[in-house]
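Residue numbers (the UniProt record's numbering): 1 to 581.
From the three backbone atoms N, C-alpha and C, an ideal C-beta is built for every residue, glycine too.
Below is one structure, written out as structure tokens; comments come after it.
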Amino acid sequence: MELKLYNSMTQQKEIFTPKVPGKVGMYVCGVTAYDLSHLGHARAAVAFDILYRYLQHLGYEVTYVRNFTDVDDKIIRRANELGENPLSLSDRYCQEYLIDMVDLQCLPPTHQPRVSDHMEQIKDMITQIINNDSAYVVDGDVFFAVDKSPNYGQLSGQKLEHTRAGERVAVDSRKRNPADFALWKAAKPDEPSWDSPWGLGRPGWHIECSAMSAQYLSFKFDIHGGGIDLIFPHHENEIAQSCAACQETNVSYWMHNGHVTNNNEKMSKSLGNFFTIRQITELYHPLALRHFLTSAYYRSPLNYTVLQLESASDSVFYIYQGKEFSFKTTRLIVIEDFLMLMHRPNCLMNYLTLQDCEVALSSFREGNLKEGTGLKDGKVPRITPAAQDCINKLGSEFQTRMSDDLNTSHILTGAFQDALKFINSSLNMLKKKLPKQQQLSMFQSLVELEKEVKSVLGILGLMPPGTYSEVLEQLKAKALKRAGLVEEDVLRLIEERVTARKNKDFARSDQVRADLSAKGIALMDEGKETIWRPCVPVEQEQQTPSIEQEQKAAPIGQEHNAAATGEEQKAVAAGEEQKAC
């Protein structure tokens, strides 16, 4: 199945064909490092990380470049406010960003260049643009002459006469055209500067990406990506200056992710309505945040709500959850031999997914080394027709959706959920006394299905870095923190509820359960035992929090933001025709 990607330049989906067969060059605009990164940055990082992973899955050798802007007006202003050296400040926040990327399980790009390390390449490109009569020098500043760019506006649809002078600078009367933009800025007191043919100074905003993409990928490469807000002026100016430096400049596909919104307004630092990645991961597992970020088509706006995060966290718990097995003794035990355990009386297996599958298969693989398994002679049991059908459907549905411009919005529903249900039902079937060959066939079916499920999760970046049990414990710890409780509190309330039930005080028993449920803690009665797990707080469906409440991360929520559908993709594509700066 051919991969189709939406190209912002042509405003349509196109079959992906790399310039060099088997190889892909991809450049994505990174962060301006002057503060902790917010959810908008996380969305861009995750969206292009998924593209990176999927291209590798398809067998491509990918050179992925994501830059750091570590020389910029915003950095200088923030450093002055803090009394800190601008380069030291930006270095600190570059490192913080990398920590966030590890938490979000974004693979490290092939190259992560910084502006401060590429001054020679930037100056060389500016010199070439001047020599090609597309830039001019005024008092140590160098401006790009947009009138020299006949195709200016080709990406954004902006008409030159309607363009703004710039996104980050005020209008300068020295410019020949108000839309001209700075390639080099003359030095100012107490600002970092570098020597150049035009005097001491530093680069303008746009030139860095042209210079660094050319350095690592040449002037011709496959994919250039970033947030939709970068289309104009940043990417438009990149195209103009790169073409001015080299007429053979060509990027095959321009890709842009949609905004993260808060109350349907773009989330950004400048508007003051943003949440940093750290603020979210303080209360929610990074995998829950990543799940949330993949829940909508990457080009669609994604509206932030606490309910969305709660739902994402609950979904992750469901995927990984495992349950210890309990018996009449009410003693929780460690599973040493799954096969032996399944056939004991009163073994409870109602909540089974990947962790329990892993335990079962671990015992199965260990058993293969023993006599009488049927595998010692090298024969591998056939998987069941039902399992093969489930595997085929999961693989086909995943490939169909990913090939359609990476539409991850429903990728963890449908066939994926069917696969989890099949795993659960198979594990429960194994509780029964089955003929050995049927049992082995069922185990082999689980082996192959688990492999397919893990492949999907791996491409989406949702496979845990540690064990399933570690992630489950971390998810529970985050749920307790959101609820303002410690586990001892929950266990004490469970005992209180047990006592109330013994005394037939069912009103109190129900109240304990309801109170915990409202805080995102679900009680599960399993025989004579009661266990707990995180859940979506009941009050989520009844209240809509203010921004202030969201900032406090109170476990109350807002209306659900439905994931993007095929029709939503069409709406987004149509909206691209009316881009505004």
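- The C-beta distance from residue 306 to residue 192 rounds to 40 Å, too long to fall under 8 Å, and the pair is not in contact.
- Buried is the label assigned to residue 257, since at least 16 other Cβ atoms lie within 10 Å of its Cβ.
- Of the residues assessed, residue 270 falls on the exposed side of the cut-off, its CB having fewer than 16 other CB atoms within 10 angstroms.
- Annotated three-state conformation of residue 204 is coil, per DSSP.
- Here the C-alpha atom of residue 249 lies approximately 50 Å from the C-alpha atom of residue 353.
- Residue 6 carries a strand assignment under DSSP once its states are collapsed to helix, strand and coil.
- Excluding sequence positions up to five before and after residue 312, its CB lies within less than 6 Å of the CB of 288, 291, 292, all in the same chain and listed in chain order.
- In this structure the stretch 98-116 touches the stretch 264-281; the number of beta carbon pairs closer than 8 Å is three or more.
- Sorting 26, 30, 190, 73 by C-alpha distance to the C-alpha of residue 52 places 26 at the top.
- Between residue 43 and residue 302, the gap from beta carbon to beta carbon is short of 9 Å.
- By the Cβ test, the stretch 233-247 is in contact with the stretch 140-147, since at least three Cβ pairs between them sit closer than 8 Å.
- Between residue 1 and residue 281, the alpha-carbon positions lie close to 37 Å from each other.
- The three-state secondary structure of residue 274, taken from DSSP, is coil.
- In the displayed model, residue 282 falls within coil according to three-state DSSP, outside both helix and strand.
- In the displayed model, residue 183 falls within a strand according to three-state DSSP.
- Between residue 240 and residue 149, the gap from beta carbon to beta carbon is short of 9 Å.
- Runs of the alpha helix (DSSP H) lying entirely within the stretch 78-149, each at least 4 residues long, are 86-103, 119-131 in chain order.
- Residue range 487-502 is occupied by the alpha helix (DSSP H) that includes residue 488.
- For residue 450, the three-state secondary structure derived from DSSP is helix.
- Separation of the CB atoms of residue 183 and residue 207 is rounded to 5 Å, and the pair is thereby assigned contact status at 8 Å.
- Just so you know, the alpha carbons of residue 299 and residue 431 end up roughly 45 Å apart.
- Following the DSSP letters along the chain, one finds residue 13 inside the beta strand (DSSP E) bounded by residues 12-15.
- As for any beta strand (DSSP E) of minimum length 3 sitting wholly inside the stretch 19-49, the runs are 23-28, ordered along the chain.
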